[in-house]
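Only one structure is covered here, and it is reproduced in the block below.
There are 2 protein chains.
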Amino acid sequence: MAEKTLDIPISTTAEDFGGLRMTKQRQVVYDVLAALGREHPTAAEIFVDAKERMPSISLATVYNCLETLTGAGVIRQVCIDRAAARYCANLTPHAHFYCDCCEKVFDIELKDSAEATSVWSLPKGSKVTEMQVAMRGICGLCPRCRSEES
Amino acid sequence: MAEKTLDIPISTTAEDFGGLRMTKQRQVVYDVLAALGREHPTAAEIFVDAKERMPSISLATVYNCLETLTGAGVIRQVCIDRAAARYCANLTPHAHFYCDCCEKVFDIELKDSAEATSVWSLPKGSKVTEMQVAMRGICGLCPRCRSEES
DNA sequence: TTTAGATCAAGAACTATTCTAAATAGGGTA
DNA sequence: TACCCTATTTAGAATAGTTCTTGATCTAAA
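Chains as they are written, first to last, in numbering that gives the first Met the number 0: chain A, 0 to 149; chain B, 0 to 149.
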């Protein structure tokens, strides 16, 4: 999954989305997150980049924006263990893989035509509005991680 | 899933497990967690119950014990969003469902002969050592949650 | 232009968790 | 049994991440 277009009116400045304003700050936070692509930055990391684009922005505002954008369903919060929350502009159903060896977070896509909830025996009448899947292990992608495997 | 027997030498006092001592405190913490069954208590909640059984126990010790027991693979830590970590003595592969309506956490079992990772297209050579699946929504189990559904 | 409400910035406050240091406990050995 | 060594516990301080509070600023609508 390399490129993706949002069908949400969020790339134009100061436009409404879901009754909320797309302010300069929210736009900056979103742009920074989108620019960082697959890196799943934390709020603090986003703050660093956002400050380059808008020096007056505060950490509290970054948190506010991330919460607003998450609530609007435009980005997703990714929680792995108790570490700082990470954020992700990839809205397709996907899991996260944290590599114990290289300490990176990877997106894991659903298999073709698979359903994320299909392996779970959910109670009748239940409705899943959100699902977070986090795996941990060795990614086996970089040389060091390949040698790490026993 | 109502009853379950642990095949881990942990129910007898002060016995070794994986080179570690099963101390009184660790036993109490484990017992409290097992007694709370499906309730997925937080460290603070475990502390309250543990203090009844052993008034001298400290919160730091509860945290220590939970970490030790988790590391020994005897219990699991459950992280949902950024809320306080919850703990769980159910070691079978299962997911967690947080009900937005009744605010409870339910265990969701794997379907018969299903594999939790099977729907995800993991990179070749990767190895998953742990997987956390958290769903959020309406459980539809209690009357109030049933009426909540649109 | 005025007004009302949304949003922002800065820093204080809060919560869950980890760390530190000293005391204690328990197992192995003499 | 007495001693030693190490693991563990305790209590409280410290920390990290996040949320809250307050007053200022911005925006859209009237």
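We put the beta carbon where it would ideally sit given N, CA and C, even for glycine.
Quick one: which residues of the segment 125 to 141 of chain B get their C-beta closer than 8 Å to a C-beta of chain A? List them in chain order. Those residues of the segment 125 to 141 of chain B that come within reach of chain A (Cβ to Cβ, closer than 8 Å) are Ser125, Lys126, Val127, Thr128, Glu129, Met130, Gln131, Val132, Ala133, Met134, Arg135, Gly136, Ile137, Cys138, Gly139 and Leu140.
Please go through the same chain and pick out, in chain order, the residues whose beta-carbon is closer than 8 Å to the beta-carbon of Cys78/A, but skip the five residues on each side of it. In chain order, Ala84, Arg85, Gln131 and Ala133 place their CB closer than 8 Å to the CB of Cys78/A, counting only its own chain and leaving out the 5 sequence neighbours on each side.
Ignoring anything shorter than 3 residues or poking outside the segment 26 to 83 of chain A, list the beta strand (DSSP E) runs there in chain order. 75 to 77
Rounded to a whole number of angstroms, what is the C-alpha to C-alpha distance between Gly36/A and Ala88/A? 7 Å
Any chance the segment 66 to 80 of chain A sits against the segment 21 to 31 of chain A, with 3 or more Cβ pairs inside 8 Å? Enough Cβ pairs lie closer than 8 Å, so yes.
Please state whether DSSP places Cys87/A in a helix, a strand or coil. For Cys87/A, the three-state secondary structure derived from DSSP is strand.
Beta strand (DSSP E) segment containing Val132/B, residue limits: It spans Lys126 to Ile137 - the beta strand (DSSP E) in which Val132/B sits, taken as one unbroken run.
Leaving aside the five residues before and after Pro104/B along the sequence, list all residues of the same chain whose C-beta is less than 6 Å from its C-beta, in chain order. The question names Pro, but residue 104/B is Val in the sequence shown. Same-chain partners within the cutoff: His39, His95 and Tyr97.
Reduced DSSP secondary structure (H/G/I, E/B, other) of Cys144/A: helix
Can you confirm whether Lys23/A, when its beta carbon is compared against all beta carbons of chain B, has any partner nearer than 9 Å? no
By how many angstroms is the C-alpha of Gly136/B removed from the C-alpha of Asp99/B? 6 Å
Return the chain-ordered list of same chain residues with a C-beta closer than 7 Å to the C-beta of Leu109/A, the five sequence neighbours on each side being excluded. Pro92, His93 and Ala115
Verify the CB distance criterion: does Ile56/A have a CB-CB separation below 9 Å to chain B? no
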